[in-house]
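Protein chains in written order, with this note's numbering: chain A, 5 to 182; chain B, 5 to 182.
Note that beta-carbon positions come from the ideal geometry of N, C-alpha and C, so glycine has one too.
All values reported here derive from a predicted model rather than from experimental measurement.
Heads up: the structure comes next, in structure tokens.
Protein chains: 2
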Amino acid sequence: MDIRTLCLGILTMGDATGYEIKKTFEDRLDLIFHASYGSIYPALNKLTEEGLVSCREFSQEKRPDKKIYSITANGRYQFFDAIMKKPAADRFRSEFLATLMFSHLLPASAISEFIDDRIKDRLQKIASMADECGSKQTVREQFLCNFGLTMYQAEIDYLQDNRHLLEADALMGTRAAE
Amino acid sequence: MDIRTLCLGILTMGDATGYEIKKTFEDRLDLIFHASYGSIYPALNKLTEEGLVSCREFSQEKRPDKKIYSITANGRYQFFDAIMKKPAADRFRSEFLATLMFSHLLPASAISEFIDDRIKDRLQKIASMADECGSKQTVREQFLCNFGLTMYQAEIDYLQDNRHLLEADALMGTRAAE
DNA sequence: CGAATATATATCAAATCGATATAAATACAA
DNA sequence: TTGTATTTATATCGATTTGATATATATTCG
């Protein structure tokens, strides 16, 4: 599943412009799947060429044309085909964890700061999600929202319970032994 | 932090060939940061040009030259500089979760199958990690390994406790209301 | 003895990111 | 009211990264 496919998916929920699709990625998919303009606009062009979406242009005075995309019957069929396939493995990249991998090279203060920041970030995300979660329209969006909340909370718990291991390691002479 | 930087990091642990660096990514960083040959070899060339690593070539008979890379003093300095910066946000992409986002378009059987597969996958990863975790050399590698275990377990727990919500939604006529 | 796996290099098209450019409408505070 | 920031809306571009593929030999194991 690539960004092209996910654009199709978003269009199954209703017509949209490229801009609105980007916003949907940010508002409802950012935890799950990230996409930038540089991939969305080319994706929409290609989907249009392939007849999986259609595009109505509204020429506006003194503004660039507004292009509203709709999914076609063929597009729906292709999207269904795509989501029926076994999902490929997650792609995950964490600079935070990669940094901790080399925490023996860092001053203890930096380690503590990074962990503090991480916990703060997760708490903030939980705070802003908690409201939304309840007011989600569909069962599946609630399911995904609560999934996010649960994972963030698990991360906070782990960091709070175990950070002392890394911090102690940084302060003691353990490093010299390596 | 990019793959170039992380290659530097791996070389702080000892000299290595491109092949060995790839293996290190697989063995010790796959949870955290993925890298393929297509990014590692160009990274090493660029690092060599920049003088952050040095390269000794061992011409072997009947085999391509073996190139052993070492980090230079300047390289160590640059790497330290990189990990002292605030780590950027995680990059995460999950086809599994993206698929669930559109579970209302799937037959109930497919939803159950995907969740079953996911749980199996997580259990398998936990099984293969559990051994390793105890035998990790350093405190920080144990910390990261247990972090992974904890997150995988949290995911399993959530899926087991809440899958019925999605599955019931798929079976009932709830979909018609959307 | 033969098959599979490990060692080791490298490249390439395609996908994607992140930044930037452009331009006007709208909201909002000084 | 006037200036500033944000939102709406398009699009491109270099740099990064993926995933697949090519090439060759050594080693392991049934």
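Which runs of the alpha helix (DSSP H) spanning at least 4 residues fall entirely within the stretch 97 to 180 of chain A, listed in chain order?
-> 99 to 105, 112 to 138 and 143 to 175
According to DSSP, which residues form a beta bridge with Y73(A)?
-> A20(A) and C59(A)
Measure how close the beta-carbons of F100(B) and P91(A) come, nearest whole angstrom, since I'm counting them as under 8 Å.
-> With a contact defined as Cβ atoms closer than 8 Å, F100(B) and P91(A) qualify at about 4 Å.
Using the Cα positions of S139(A) and D31(A), report the straight-line distance between them to the nearest angstrom.
-> 14 Å
Return yes when the C-beta of P46(A) is under 6 Å from any heavy atom of the ligand ATP, and no when it is not.
-> Only the bare structure without any ligand can be found here, which leaves the ligand ATP out of the picture.
Starting from the C-beta of L2(B), find all residues in its chain whose C-beta is less than 7 Å away, skip the five residues before and the five after it, and write them out in chain order.
-> An answer regarding residue 2(B) cannot be provided, because it is not within the stretch 5 to 182 covered by chain B.
Can you grab the Cα-Cα spacing for the pair T178(B) / E171(B), in whole Å?
-> The predicted position of T178(B) is uncertain, since its pLDDT is 47 and thus under 50; no value can be drawn from it.
Could you name the residues of the same chain whose beta carbon sits closer than 7 Å to that of E53(A), not counting the 5 residues immediately before and after it, in chain order?
-> none
Check the C-beta distance from L56(A) over to F37(A) and give it rounded, since I have them as a contact under 8 Å.
-> Between F37(A) and L56(A) the Cβ distance is about 19 Å, and since that is not below 8 Å, they are no contact.
Chain A contact for K124(B) (CB, 7 Å cutoff) | no
Distance, L148(B) Cα to M176(A) Cα | 19 Å
Which same chain residues, not among the five before or five after Y41(B), have their C-beta less than 8 Å away from its C-beta?
-> G22 and K26
By the criterion of Cβ-Cβ separation under 8 Å, what are the contact partners of K90(A) in chain B?
-> F118 and D121
Rounded to whole angstroms, what's the CA-CA distance from A131(B) to N150(B)? Just pull it up for me.
-> 12 Å
Give the secondary structure of L10(A) by DSSP, where H, G and I count as helix, E and B as strand, and everything else as coil.
-> helix
With 7 Å as the threshold, decide whether the Cβ of R162(B) is near any Cβ in chain A.
-> Checking the sequence, you will find Tyr at residue 162(B) rather than Arg. For Y162(B), the answer is yes, since a Cβ of chain A falls inside 7 Å of its Cβ.
Hey, how far is the Cα of A93(B) from the Cα of E117(A)?
-> If you take the alpha carbons of A93(B) and E117(A), they lie about 15 Å apart.
For R80(B), write down the residues that DSSP places opposite it in a beta bridge.
-> Answer is none; R80(B) lacks a bridge partner.
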